[in-house]
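Enquirer:
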Amino acid sequence: MMSALLKHRERFLALVILALILVVGAITPSFLSPNSLVSAFNDTSILMILAMGQMLVILTRCIDLSVAANLALTGMVVGMINAAYPGVPVPLLILFAMAMGACLGAINGFFVWVVGVPAIVVTLGTMSIYRGTIFLLSDGAWVNAHQMSAGFISLPRTVVLGMPVMSWIGIIVVAAFYFATRHLRLGRDFFTSGGNPTAAFYTGVSVGKVQFKAFVVSGMLAGLCGYLWVSRYAVAYVDVANGFELQVIAACVIGGISIMGGVGTVLGCALGALFLGVINNALPVLGVSPFWQMAISGAVIIIAVIANSTAERSKGRIILRRAVSKRATPSQHQEA
Amino acid sequence: MANTMTQTAVPNRLSNHWLHHLLRWETFLLLVTVLVFLFNSLATPYFLDPWNLSDATFNFTEKAIIALPMAMLIICREIDLSVASIIALSSVSMGLAAEAGMGPGGLVFVAVSVGIVCGLFNGLVVTHFGIPSIVVTIGTMSLYRGIAYVILGDGAFTNYPSGFEFFGQGYVYWVFSFEFTLFMGMALIFYGLLHHTNFGRRTYAIGNNPTAALYSGIKVNKHKLILFVMVGAISGLASVLLTSRLGSTRPSIAFGWELSVITMVVLGGVSILGGSGSMVGVVIAVFLMGLVTFGLGLLNVPGIVMTIIIGAMLISVISIPLVAGRLRAAREQRK
Numbered sequence: 001m002m003s004a005l006l007k008h009r010e011r012f013l014a015l016v017i018l019a020l021i022l023v024v025g026a027i028t029p030s031f032l033s034p035n036s037l038v039s040a041f042n043d044t045s046i047l048m049i050l051a052m053g054q055m056l057v058i059l060t061r062c063i064d065l066s067v068a069a070n071l072a073l074t075g076m077v078v079g080m081i082n083a084a085y086p087g088v089p090v091p092l093l094i095l096f097a098m099a100m101g102a103c104l105g106a107i108n109g110f111f112v113w114v115v116g117v118p119a120i121v122v123t124l125g126t127m128s129i130y131r132g133t134i135f136l137l138s139d140g141a142w143v144n145a146h147q148m149s150a151g152f153i154s155l156p157r158t159v160v161l162g163m164p165v166m167s168w169i170g171i172i173v174v175a176a177f178y179f180a181t182r183h184l185r186l187g188r189d190f191f192t193s194g195g196n197p198t199a200a201f202y203t204g205v206s207v208g209k210v211q212f213k214a215f216v217v218s219g220m221l222a223g224l225c226g227y228l229w230v231s232r233y234a235v236a237y238v239d240v241a242n243g244f245e246l247q248v249i250a251a252c253v254i255g256g257i258s259i260m261g262g263v264g265t266v267l268g269c270a271l272g273a274l275f276l277g278v279i280n281n282a283l284p285v286l287g288v289s290p291f292w293q294m295a296i297s298g299a300v301i302i303i304a305v306i307a308n309s310t311a312e313r314s315k316g317r318i319i320l321r322r323a324v325s326k327r328a329t330p331s332q333h334q335e336a
Numbered sequence: 001m002a003n004t005m006t007q008t009a010v011p012n013r014l015s016n017h018w019l020h021h022l023l024r025w026e027t028f029l030l031l032v033t034v035l036v037f038l039f040n041s042l043a044t045p046y047f048l049d050p051w052n053l054s055d056a057t058f059n060f061t062e063k064a065i066i067a068l069p070m071a072m073l074i075i076c077r078e079i080d081l082s083v084a085s086i087i088a089l090s091s092v093s094m095g096l097a098a099e100a101g102m103g104p105g106g107l108v109f110v111a112v113s114v115g116i117v118c119g120l121f122n123g124l125v126v127t128h129f130g131i132p133s134i135v136v137t138i139g140t141m142s143l144y145r146g147i148a149y150v151i152l153g154d155g156a157f158t159n160y161p162s163g164f165e166f167f168g169q170g171y172v173y174w175v176f177s178f179e180f181t182l183f184m185g186m187a188l189i190f191y192g193l194l195h196h197t198n199f200g201r202r203t204y205a206i207g208n209n210p211t212a213a214l215y216s217g218i219k220v221n222k223h224k225l226i227l228f229v230m231v232g233a234i235s236g237l238a239s240v241l242l243t244s245r246l247g248s249t250r251p252s253i254a255f256g257w258e259l260s261v262i263t264m265v266v267l268g269g270v271s272i273l274g275g276s277g278s279m280v281g282v283v284i285a286v287f288l289m290g291l292v293t294f295g296l297g298l299l300n301v302p303g304i305v306m307t308i309i310i311g312a313m314l315i316s317v318i319s320i321p322l323v324a325g326r327l328r329a330a331r332e333q334r335k
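So the protein lines, in turn, are chains A and B.
Residue 250 in UniProt numbering sits at position 250 of the first sequence, with consecutive numbering throughout.
Residue 198 in UniProt numbering sits at position 198 of the second sequence, with consecutive numbering throughout.
1) Are the CB atoms of B:Ile138 and A:Ile249 within a distance shorter than 8 Å?
2) Distance, Cα to Cα, A:Ser218 vs A:Ile58?
3) With DSSP as the reference, label B:Phe287 as helix, strand or coil.
4) Please name the residue in A:Leu283, A:Phe12 and A:Leu246 whose C-alpha comes closest to that of A:Gly298.
5) Would you list the one or two residues that DSSP bridges to A:Ala236?
6) Hey, out of B:Asp80, B:Ser133 and B:Thr33, whose CA is closest to residue 336 of chain B's CA?
7) If you scan the segment 32 to 112 of chain A from start to end, which runs of the alpha helix (DSSP H) of 4 or more residues do you find wholly inside it?
8) Would you mind working out which of A:Asp43, A:Ala307, A:Val305 and A:Leu73 sits nearest A:Ile134, comparing C-alpha positions?
9) Assign B:Phe60 to one of two classes, buried (16 or more other C-beta atoms within 10 Å of its C-beta) or exposed (fewer than that).
10) Taking the alpha helix (DSSP H) that B:Val172 belongs to, which residues open and close that run?
11) Relative to chain C, which residues along the segment 119 to 140 of chain A have a C-beta separation below 9 Å, given in chain order?
12) In terms of alpha-carbon separation, which member of A:Asn196, A:Val114 and A:Thr126 lies closest to A:Ile63?
13) Less than 8 Å between CB atoms is the rule here; does A:Ile306 satisfy it with respect to chain B?
14) Counting only C-beta atoms, is residue 338 of chain B closer than 8 Å to chain A at any point?
15) Give me the chain A residues within the contact set of B:Val150, using Cβ-Cβ distance strictly less than 9 Å, ordered along the chain.
16) According to the neighbour-count rule (16 or more other Cβ atoms, all chains shown, within 10 Å of its Cβ), is B:Lys63 buried or exposed?
17) Taking DSSP's pairing of strands, which residues face A:Pro164 in a bridge?
18) Name, please, each residue of chain B whose Cβ falls closer than 7 Å to the Cβ of A:Phe111.
19) Determine whether the Cβ of A:Met55 lies closer than 8 Å to any Cβ atom of chain B.
20) Does any C-beta atom of chain A lie closer than 8 Å to the C-beta of B:Val136?
21) What number of angstroms, rounded off, separates the C-alpha of A:Ala19 from the C-alpha of A:Phe12?
22) Any Cβ of chain B within less than 8 Å of the Cβ of A:Met220?
23) Could you name each continuous beta strand (DSSP E) segment of 3 residues or more that falls completely within the segment 152 to 196 of chain B, going from the start of the chain to the end?
24) Are B:Gly123 and A:Ser309 closer than 8 Å when you measure CB to CB?
25) Between the segment 246 to 273 of chain B and chain A, which residues of the former have a C-beta closer than 9 Å to a C-beta of the latter?
26) Is the segment 221 to 236 of chain A touching the segment 16 to 36 of chain A, taking contact as three or more C-beta pairs under 8 Å?
27) Can you give me the C-alpha to C-alpha distance between B:Thr307 and B:Pro161, rounded to a whole angstrom?
28) Use the C-beta contact count for residue 346 of chain B: other C-beta atoms within 10 angstroms, 16 or more gives buried, fewer gives exposed.
29) Put B:Thr243 into one of helix, strand or coil per three-state DSSP.
30) Rounded to the nearest angstrom, how far is the Cβ of B:Ile253 from that of B:Ala88, given a contact under 8 Å?
31) Less than 7 Å between C-beta atoms, sequence neighbours within five positions excluded: which residues of the same chain meet that for A:Tyr130?
32) Going along the segment 253 to 272 of chain A in order, which residues come within less than 8 Å of chain B, judged by CB to CB distance?
33) So within the segment 59 to 126 of chain B, which uninterrupted alpha helix (DSSP H) runs reach at least 4 residues, ignoring any that extend past its ends?
34) My output table needs one value for residue 346 of chain A: the three-state DSSP class, helix, strand or coil.
35) Examine chain B for any beta-carbon lying closer than 8 Å to the beta-carbon of A:Val115, and answer yes or no.
36) Taking Cβ to Cβ, would you say A:Ile303 is nearer than 8 Å to A:Leu224?
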């Protein structure tokens, strides 16, 4: 029943995105040109990749507010390394960025798993710490395009089979997540731990460890995006991607990832990111002031969560569940 | 929402239990605050000047008055991430009203009304649809600030009527600013409300066990709605203070403040999972954060570095008791 609803929801979201593209295309036909569509998708890849990591974290009933700061810090470090030692090969830099991001994510995971601090508190703290560290490292200076090597900047832009490498990376990450969450034990563990931690414990899954892994993966992807962001915009400074974590969480929520944990699909999450991406790209094309963007994405989040809650409500809950608000019930097996 | 399974048993004699528990937390906080105070006075000769200290209060009072109702909301297992955006929207509304020629009193009315409407909307969506407040308020956070951007774009309102500047810049008596006096008064009111009224008791009851609270006849949703409206109204009030202090409105006003407010509350010993915490703790935490930022400012530490220290403070202050408890439990097990 639940899976049918979710499938329905993904189809619905896909239809909405399609309709949105067609409507914008009807008003401004140039939006429908392959080039423009590819660039809209390309713009969304970073959001999509980060949303994948955030999805795992939310599935395990945690939240990662530090992704954007992690991205900015890794991006700055990678940018500084490239500026100082242009000889270091770019693939090595990317591996370094992912490793560094994973370490920053592991710090979050450590506090959640070993110390037992609520995830929202930990990541609120590390968000400020990582962001502040960028200033300490860079002294507030920018790393500009002319300081970066040509290979560093060109890699995400290189066109392969009609699409830039950055888009392909996005697609590969989504495909890998699609496979992992359906067929790998680790992937299933994320759902188990979030869906019913008590049952997960009794079946031999260490919930804390799975949460730790979710943070490491989220951090690793943030590190990858750190490189992609700095290379794509060819600049690194303290305020890179400031506040982007909320867009990432919004993408997950629109995609139907339940903030109560345990429920969600990779496809939904990717579509959620795509939806925000299409809106962000359509507004300037339609000549709407970019100032509308924030209000619209806010309204979309509210509508999406209300739609979520009414969809979930229709599947016959226990009387008590309906009487008390969902958040209010002690968070045991929510939508298992 | 967070990671832990809440398995805290509700003890029979509730008040004794956490009065005992919280007193320790508050003493610890107070100790840290006194240490920071002493350190500051030794580190720089300018610190102990009364006017200097008075100036220091301006940096945190606007956030601090929001921390008071926010503490109650978090104790009640809800959260409001949209407070900074409510400040922005209220401020823009005040700007519009000022353009229309409204006086200072009217502006306060406008700001607080906008705050109430925003809080009401948050509360209604949360209680009526049963959606976790963290998601709802992430949405309204974009929505409210987004509306502020739509109205104002990259412009600014600067034409505020004379007399309006009193709220953010005026002094009531000697070095005591209007802002600070208001904060102290409100801290007293909220202390009474949380610890000495039925309303406060119900807040704890809901936070500890919403189901039990419902069965004992508490109108859980109505209670939460009132708290959301309260947070909204006071965010509107904070907007009056901030706008009056700055003398101008931009849509980016108070950006990121929600995190400072929540840090104050959590630092004050309020459990982010709900059900425990005290007003005294929150007020001490407010002063602690104010002193740290002010002292570091006098030492010429840049603002962004302070965020590192505040972030580290948040995590370590929460971790230390957890680790200590874990070690104690391990030692007892070995016996």
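Glycine is no exception: its CB is placed at the ideal position from the N, C-alpha and C atoms.
Expert: Let's see:
1) Cβ distance < 8 Å, so A:Ile249 and B:Ile138 count as in contact.
2) CA-to-CA, the gap between A:Ser218 and A:Ile58 works out to about 10 Å.
3) In the structure shown, B:Phe287 sits in a helix (DSSP, three-state: H, G or I).
4) Here the closest residue by C-alpha is A:Leu246.
5) Answer by DSSP bridge pairing, in chain order: A:Val143.
6) Because residue 336 of chain B is not part of the residues shown, which for chain B are 1 to 335, the question remains open.
7) Runs of the alpha helix (DSSP H) inside the segment 32 to 112 of chain A: 34 to 59, 67 to 84 and 90 to 110.
8) It is A:Leu73.
9) Note on B:Phe60: 16 or more other CB atoms within 10 angstroms of its CB, so buried under the neighbour-count rule.
10) Counting along the chain, B:Val172 sits inside no alpha helix (DSSP H); it lies in the beta strand (DSSP E) bounded by residues Tyr171 to Tyr173.
11) Checking the listed chains, one finds no chain C in this structure; the protein chains it contains are A and B.
12) The shortest C-alpha separation from A:Ile63 is found at A:Thr126.
13) Cβ-Cβ to chain B under 8 Å: yes for A:Ile306.
14) This structure gives no information on residue 338 of chain B, because the portion of chain B shown stretches from 1 to 335.
15) Counting only Cβ-Cβ distances below 9 Å, B:Val150 has contacts in chain A at Ser289, Phe291, Trp292, Met294 and Ala295, in chain order.
16) A residue is called buried when at least 16 other Cβ atoms come within 10 angstroms of its Cβ; B:Lys63 meets this threshold and is buried.
17) The bridge partners DSSP lists for A:Pro164 are A:Val159.
18) Neighbours of A:Phe111 across chain B, judged by C-beta separation under 7 Å: Ile315 and Ser319.
19) No, because no Cβ of chain B sits closer than 8 Å to the Cβ of A:Met55.
20) Yes, contact with chain A.
21) Roughly 10 Å separates the two Cα atoms.
22) Not one chain B Cβ lies under 8 Å of A:Met220.
23) The segment 152 to 196 of chain B contains these whole beta strand (DSSP E) runs: 171 to 173.
24) At a Cβ-Cβ threshold of 8 Å, B:Gly123 and A:Ser309 do not count as neighbours.
25) Residues of the segment 246 to 273 of chain B with a C-beta atom less than 9 Å from some C-beta of chain A are Pro251, Phe255, Gly256, Leu259, Ile262, Thr263, Val266, Ser271, Ile272 and Leu273, listed in chain order.
26) The way I'd put it, the segment 221 to 236 of chain A doesn't touch the segment 16 to 36 of chain A; fewer than three beta-carbon pairs between them come closer than 8 Å.
27) So the two alpha carbons sit approximately 35 Å from each other.
28) For chain B, the structure presents residues 1 to 335; residue 346 of chain B sits outside this window and is missing.
29) Looking at B:Thr243 - three-state DSSP - the assignment turns out to be helix.
30) With a Cβ gap of about 5 Å, B:Ile253 and B:Ala88 count as contacting.
31) Taken in chain order, the residues that qualify are Ser66, Ala69, Asn70, Leu73 and Leu104.
32) The residues in question are Val253, Ile259 and Met260.
33) For the segment 59 to 126 of chain B, whole alpha helix (DSSP H) runs of length 4 or above, ordered along the chain, are 83 to 99.
34) This structure cannot settle anything about residue 346 of chain A, because the visible part of chain A is limited to 1 through 336.
35) Yes, because at least one Cβ of chain B sits closer than 8 Å to the Cβ of A:Val115.
36) No, these two residues do not count as a Cβ contact at 8 Å.
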